[in-house]
Every structure is written in structure tokens, then in C-alpha cells.
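Reviewing the structure listed below.
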Amino acid sequence: MIWAFVIVVAIVVGWFAFEGTWDRRLFTEGCRNLSASEAKAWLREHPETQVLDVRSKGEYDGGALPKAVNISLGDQAFASKVGTLDKAKPVLVYCAGGFRSRKAVAKLKELGFQNLQHIHRGYMSWKSDSSG
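For the sequence shown, the numbering used here assigns the number 10 to the initial residue and increments by one for each residue that follows.
Dropping the structure here:
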């Protein structure tokens with residue numbers, strides 16, 4: 010039983026170490042990783058922000074942020090579809106828990122988007138955050 014606990018702890022510690030390294034590379038100048046309450050404040054202060062939901066259509070249909078555009082990261086035409094967004098305006102990106110949206114942020118950076126905001130822990134944190 011103790012070995013199961015040790016393995017679970019090792020996996021959790023490993024994930025947080027990996028995520029921290031990934032975040033330090035990904036979230037640099039012009040790209041921030043926001044808590045749900047920070048994202049809500051960002052949207053109030055920057056109403057021109059384009060909100061990008063990269064979850065599946067089924068997830069999106071189950072609830073989404075206000076004014077969100079759904080372009081699934083799994084869509085083969087993801088790059089061309091996000092190309093319709095205005096690169097001069099900020100983009101707030103989210104998924105369910107933060108993994109897919111991190112991958113989407115990396116793709117958006119490659120496509121020339123420079124003002125990117127990301128919701129840490131995704132829609133799950135947005136729904137559970139009662140502030141704002």
C-alpha cells in the first residue's frame with residue numbers, strides 16, 4: 010500500500026515540475042497565465058479581448074465563457090480557423106483543465122499572436138471561482 014502512495018506522490022510531483030518548466034518557457038513577454046479571478050478582471054478591463062475555447066464542441070455546448078469562440082485544438086483546420094482572429098487584439102485561451110490550451114498558446118505564438126492570456130486550470134477553475 011505504501012508503494013502505491015509513493016508512486017502517486019512521485020507522479021504528482023513530476024507533473025508539477027514538468028508544468029512549471031513548460032510554463033516558464035511558454036509564458037513570457039506578452040503571454041500570461043492567469044487565475045480565473047485574474048481572467049475575469051482582465052476581461053472587464055479589456056473588453057476587446059477575443060475569447061478562444063479550444064475544447065471539443067461537446068464540451069463547449071456544456072458551458073463556456075461569455076463571447077467565447079469554439080475552435081477545437083483537435084480540429085485539423087485549427088491553424089486556418091484561428092487565423093481568422095485579429096492578431097492585433099488580445100486573445101484569452103482556455104480548455105477544460107489547462108493542458109490543451111497550453112498547446113494552443115504555443116501554436117498561436119507560432120502563428121504570430123503576441124498578446125495571449127491563458128486561464129490556468131481552464132474552464133474548471135472558471136466555474137469553481139465565485140469572485141467577480
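Using N, Cα and C, we set each Cβ at its ideal position, and we do this for glycine too. This one's a predicted model, so the numbers in the text were calculated from it and none came from an experiment.
query                                                                                             : result
The beta strand (DSSP E) enclosing R41, as first and last residue numbers                         : C40 to L43
Straight-line Cα distance separating Q126 from N42                                                : 6 Å
Contact belief for A45 with E68 at Cβ below 8 Å, rounded distance in angstroms                    : Contact doesn't hold; Cβ gap of about 17 Å is too wide.
Every unbroken alpha helix (DSSP H) inside the region 34 to 90 [4 residues or more]               : 45 to 54 and 66 to 70
Neighbourhood of G92 by C-beta, 8 Å cutoff - its chain only, sequence neighbours within 5 removed : L120
Closest Cα partner of K136 within the set L74, Q85 and A86                                        : L74
Buried or exposed by the 16-neighbour rule on C-beta atoms within 10 Å, applied to A88            : exposed
Distance between beta carbons of V100 and S81, contact taken as under 8 Å                         : At roughly 16 Å, the Cβ-Cβ gap does not stay under 8 Å, so S81 and V100 are not in contact.
V15: CB within 7 Å of a non-hydrogen atom of the ligand NAP                                       : As far as ligands go, the structure on display features none, and thus does not contain the ligand NAP.
Status (buried if at least 16 other CB within 10 Å, exposed otherwise) for I128                   : buried
Run of the beta strand (DSSP E) containing L125, from where it starts to where it stops           : L125 to I128
Enclosing beta strand (DSSP E) for L117 [first to last residue]                                   : That residue, L117, is in no beta strand (DSSP E); its alpha helix (DSSP H) goes F108 to E119.
Proximal residues to A77 (C-beta, below 6 Å), its chain only, five neighbours per side dropped    : V60 and D62
Same chain, Cβ closer than 6 Å to D138, neighbours up to 5 away in sequence not counted           : A45 and S46
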